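So the structure is just underneath, and the comments pick up after that.
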Amino acid sequence: MDARQRGITIRGNSAQISFTYQGVRCRESIPIPPTKTAQKELALKLQSIKYEIKTGTFDYNRHFPYSKKAKEFRKNRPDLYTIKEALISWLQRNQAKLQLSTLQDYNSAIYHHLIPTFGNLTITELTASKIKEWLSELPCSNKRKSNVLTPLRQMFEELYLDEIIDKNPLSRVKNLPNKTREPEPFTQEEIIKILNELTGQEKNLIQFAFYSGLRTSELIALRWQDVEFEQNRIFIKQAHVRGQLKDTKTKSGKREVTLQSQAKEALLNQQVFTKNQNEIVFNDPHTNQQWKSDQPIRKNVWIPALKRADIKYRNPYQTRHTFASTLLSKGEKPLWVAQQMGHKDWGMIIKVYGRWIPQSK
């Protein structure tokens with residue numbers, strides 16, 4: 000066979016065939032022995048490819064499963080493109096734009112939930128009813144279910160906007176309502192009992208949590224340079240999330256907090272432990288290093304203190320609820336309390352803490 004036959008170029012023990020598919024000029028290399036029989040088979044293969052393209056039955060992946068172009072064109076065939084391929088491709092394109100904690104959440108959702116459940120289905124095979132049925136059996140909170148669905152939602156939305164699919168099955172799957180846990184603030188008597196069971200840095204940490212209203216992630220990221228004793232205030236600029244320091248999530252989260260007297264006392268007492276050692280205010284006294292997350296605090300400090308004080312268990316976030324409800328009960332304005340806690344407006348304060356607001360306010 001003439002090595003210069005249209006669409007075929009012979010190079011030693013391989014050949015390159017070229018053809019046009021979906022307006023794109025494609026070239027693929029195929030290893031073949033230097034025999035006339037093999038070259039005739041190659042010519043027949045090219046004819047078959049051109050015929051399939053003409054009749055709309057061409058499957059790039061079947062002919063060239065290891066080709067980079069096969070993956071590109073497979074995306075344009077939702078009847079062949081699998082959920083696994085689509086999710087991995089979407090994550091690779093978007094991971095550089097994601098915060099580390101968000102990327103970890105997406106990886107967990109994709110590799111532990113979405114791919115094991117839907118990975119082998121093609122894009123066209125996944126329906127809203129299949130997703131709803133799966134959600135109904137998923138043993139986790141509604142909030143967690145919504146978070147798991149997030150990468151799947153974004154992936155399908157991207158395919159829809161790129162006009163690869165005509166409809167997005169996730170548009171008919173609504174996030175389930177979060178079951179809001181009612182605040183269970185501690186009384187002043189309970190706070191005193193808890194603090195009496197603690198000493199040193201652990202006592203300073205928990206006392207400051209009760210009287211500052213900070214989230215735990217903000218608490219363990221607080222730096223001495225953001226504390227102004229004379230002005231009676233601290234500045235919240237960052238949070239410690241999954242081992243990483245990062246800016247607070249929202250503009251309202253970056254804020255100035257007025258120091259209540261008990262919070263100021265805790266900071267003054269904490270100076271002897273860390274003021275001259277490093278920039279972080281609160282250290283884990285067991286390692287003399289910054290707390291890695293909220294879990295060691297809950298496990299090693301919070302739970303034992305409540306047990307020793309014989310007080311009903313509530314999670315550490317209730318220190319924040321205690322701070323808000325106490326200020327509101329004293330008659331502080333809801334908008335000011337919202338600003339102290341890092342909310343963008345007082346809507347959340349009214350919704351969550353309305354019963355602690357005196358009627359005259």
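Take numbering that gives the first Met the number 0: the last position of the sequence shown gets the number 360, and nothing is skipped along the way.
Beta carbons are placed, not taken as given, at the ideal position from N, Cα and C, and that holds for glycine.
Bear in mind that the values here come from a model prediction, so they are computed numbers and not experimental data.
| task | May I have the straight-line CA-CA distance separating serine 170 from valine 240, to the nearest angstrom? | result | Your numbering for residue 170 matches position 171 in the sequence shown. Your numbering for residue 240 matches position 241 in the sequence shown. The C-alpha of serine 170 lies about 31 Å from the C-alpha of valine 240.
| Which one of Ser88, Ile205, Leu125 has the shortest CA to CA distance from asparagine 268? | Working through the sequence shown from its first residue, we reach residue 268 at position 269. The shortest Cα separation from asparagine 268 among Ser88, Ile205, Leu125 belongs to Ile205.
| message | For lysine 68, which residues in the same chain have their Cβ closer than 7 Å to its Cβ, ignoring the five residues on either side in sequence? | response | Taking the sequence shown and counting its residues from 1, the one referred to as residue 68 is at position 69. Excluding residues within five positions, the ones whose Cβ falls inside 7 Å are Cys25, Tyr59.
| Buried or exposed: which applies to alanine 337, given that a residue is buried once 16 or more other Cβ atoms fall within 10 Å of its Cβ? | The residue labelled residue 337 in the question sits at position 338 within the sequence shown. Burial call: buried.
| Neighbour-count burial assignment, serine 211, 16 or more Cβ in a 10 Å radius | Within the sequence shown, the letter at position 212 stands for residue 211. Per the 10 Å Cβ criterion, buried.
| Residues in its own chain within less than 8 Å of leucine 97 by CB, not counting five upstream and five downstream? | Here residue 97 refers to the residue found at position 98 when the sequence shown is read from its first residue. Sequence-distant Cβ neighbours of leucine 97 in its own chain, meaning closer than 8 Å and more than five residues away, are Tyr105.
| Are the Cβ atoms of isoleucine 219 and phenylalanine 281 separated by less than 7 Å? | Residue mapping note: residue 219 aligns to position 220 of the sequence shown, counting from 1. Residue mapping note: residue 281 aligns to position 282 of the sequence shown, counting from 1. Their beta carbons are under 7 Å apart, which means isoleucine 219 touches phenylalanine 281 by this criterion.
| query | Between asparagine 93 and the rest of its own chain, which residues show a CB-CB distance below 8 Å, the 5 nearest in sequence each way excluded? | reply | By one-based count along the sequence shown, residue 93 stands at place 94. Taking C-beta separations shorter than 8 Å and ignoring five residues to either side along the sequence, the partners of asparagine 93 in its chain run Gln153, following chain order.
| message | Among Leu221, Gly199, Leu305, whose alpha-carbon lies nearest the alpha-carbon of phenylalanine 185? | response | Residue 185 sits at position 186 when you count from the first residue of the sequence shown. Considering only alpha carbons, the answer is Leu305.
| request: Measure from the alpha carbon of arginine 143 to the alpha carbon of each residue in Ser216, Glu157, Asn174, Asp161, then state which is nearest. | output: Within the sequence shown, numbered from 1, the residue matching residue 143 stands at position 144. Of the listed residues, the one whose Cα sits closest to arginine 143 is Asn174.
| said: Looking at the ligand PLP, does it come within less than 6 Å of lysine 245, judged from the CB to the closest heavy atom? | reply: Only the bare structure without any ligand can be found here, which leaves the ligand PLP out of the picture.
| said: Taking only three categories from DSSP, how would you classify lysine 274? | reply: Walking along the sequence shown from the start, residue 274 turns up at place 275. Reduced to three states, the DSSP call for lysine 274 is coil.
| query | So what's proline 408 in DSSP terms, helix, strand or just coil? | reply | The structure shown does not extend to residue 408, since the chain is modelled only from 0 through 360, so no value can be given for it.
| threonine 325 to threonine 257, Cα distance in whole Å? | On the sequence shown, position 326 is the one that residue 325 refers to. On the sequence shown, position 258 is the one that residue 257 refers to. So the alpha carbons of these two residues sit roughly 15 Å apart.
| request: Using only alpha-carbon positions, find the residue among Pro284, His320, Asp293 that is nearest to lysine 350. | output: Residue mapping note: residue 350 aligns to position 351 of the sequence shown, counting from 1. The candidate whose alpha carbon is nearest that of lysine 350 is His320.
| request: Output yes or no for whether 7 Å exceeds the beta carbon distance between isoleucine 310 and glutamate 188. | output: Stepping through the sequence shown from its first residue, residue 310 is reached at position 311. Stepping through the sequence shown from its first residue, residue 188 is reached at position 189. No. Outside cutoff.
| task | Apply the 10 Å Cβ neighbour rule to histidine 112 and answer buried if 16 or more other Cβ atoms are within range, or exposed otherwise. | result | As a working mapping, residue 112 is identified with position 113 in the sequence shown. Burial is judged here by how many other beta carbons sit within 10 angstroms of a residue's own beta carbon; histidine 112 has at least 16 and is buried.
| At what residues does the alpha helix (DSSP H) containing phenylalanine 72 begin and finish? | For the purposes of this step, residue 72 is taken as residue 73 along the sequence shown, with counting starting at 1. Element bounds for phenylalanine 72: 67-74.
| request: Count the CB pairs spanning the segment 78-88 and the segment 32-45 that are closer than 8 Å, and state whether there are at least three. | output: The segment 78-88, when compared against the segment 32-45, does not touch it at the 8 Å Cβ threshold.
| task | Rounded to whole angstroms, what's the CA-CA distance from alanine 42 to lysine 166? Just pull it up for me. | result | Position 43 of the sequence shown, counting from 1, holds the residue named residue 42. Position 167 of the sequence shown, counting from 1, holds the residue named residue 166. Between the C-alpha atoms of alanine 42 and lysine 166 there is a straight-line separation of about 40 Å.
| said: Which of the three DSSP states is assigned to phenylalanine 234 in this structure? | reply: The residue given as residue 234 occupies position 235 in the sequence shown. Strand.
| task | Taking only runs that begin and end inside the segment 319-345, name each unbroken alpha helix (DSSP H) of 4 or more residues, in chain order. | result | Taking only runs of at least 4 residues, the alpha helix (DSSP H) segments lying wholly in the segment 319-345 are 333-340.
| query | For glutamate 156, which residues of its own chain have a beta-carbon under 7 Å away from its beta-carbon, when the five flanking residues on both sides are left out? | reply | Taking the sequence shown and counting its residues from 1, one reaches residue 156 at position 157. Here glutamate 156 has Asn167 as same chain residues with Cβ atoms under 7 Å from its own Cβ, once five neighbours each way along the sequence are excluded.
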